[in-house]
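Single-structure report; data block below.
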Amino acid sequence: MATTKLEKISSSSSSSKFTWKINKFSKFTTMSTYSDVFSVNGFKWKACICPKGREEVYDHISLYLVPVDLTKSVDTQFSFAITSQKDRNNTLRFELKHNFHEGTIQGFGWTFFMPLVELHDRTKGYIVDDTCVISIDVTCLMKEPKEEEEKDSTLKQPSSSSNPLKSPTAKPKRTKTMATNRRRN
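Okay, so the sequence shown: first residue is 1 according to UniProt numbering, each after it adds one.
Here it is, written out as structure tokens:
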């Protein structure tokens, strides 16, 4: 059975960086799994991984940021990265900004994060000794309510389905850090 461990690397008042280490990666028996809950600027989150994709996508790893008990709307900027354990200069990082509305439980992220062929390619080193390491960087900025929102509570978005994998798919910039230069695809 696969095991996961989330470790906080750094933190400020509105940002935190984590390393999510997934051991026995090849032993995943579920379609998705979640990290431990972590806090950033008073907001609770967890990361979700679909190691074999989701729905009709079975050739990519999928990654999402999922809110936990969100009681206020929050603007976020977050990124997920998978770095080669053989060559630290070889990193695949996706980053985006998203507003999570009060009460939402849907995650947001990337259905097509990385092709499984690339992830499992031993020469690239993304999985070593059956362990995959994912870096997560989250910044939360509390949204100040506008005067109209304070007067009319009907502007709040209703809660969504409890399945975070039904979330919209982000259209991120895909950057790959190479040994001597950066290349955007």
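The C-beta atom is built at its ideal place from N, Cα and C for all residues, glycine as well.
Query                                                                                                                       : Result
Where the beta strand (DSSP E) containing LEU96 begins and where it ends                                                    : 91-100
Residue(s) in a DSSP beta bridge with GLN77                                                                                 : LYS97 and THR139
Whether HIS98 touches PHE113 by CB criterion (8 Å)                                                                          : no
Three-state secondary structure assigned by DSSP to VAL40                                                                   : strand
Beta-carbon contacts of VAL37 that lie in its chain and below 8 Å, excluding the five residues immediately before and after : LYS44, TRP45, LYS46 and VAL68
Member of PHE28, THR33 and VAL40 whose CA lies at the smallest distance from the CA of THR17                                : The amino acid occupying residue 17 in the given sequence is Lys; Thr does not appear at that position. It is VAL40.
C-alpha distance - LEU92 paired with GLN106, whole-angstrom precision                                                       : 24 Å
C-beta atoms of LEU70 and PHE100 nearer than 8 Å                                                                            : yes
Element boundaries [beta strand (DSSP E), containing VAL57]                                                                 : Looking at the DSSP string, VAL57 is not in any beta strand (DSSP E), and its letter there is neither H nor E.
CB contact flag (LYS52, THR131, <8 Å)                                                                                       : no
GLU95 to ILE136 span [Cα, whole Å]                                                                                          : 10 Å
Three-state secondary structure (DSSP) of LEU70                                                                             : coil
Beta-ladder partner(s) of MET114, from DSSP                                                                                 : ILE61
Extent of the continuous beta strand (DSSP E) to which PHE18 belongs                                                        : 15-23
Check whether TYR126 and SER79 have beta carbons under 8 Å apart                                                            : no
Where LYS86 falls: helix, strand or coil (DSSP)                                                                             : coil
Proximity to ILE82 [Cα-Cα], best of ARG54, THR4, THR19 and VAL138                                                           : THR19
Cβ-Cβ distance between ILE49 and LEU116 below 8 Å                                                                           : no
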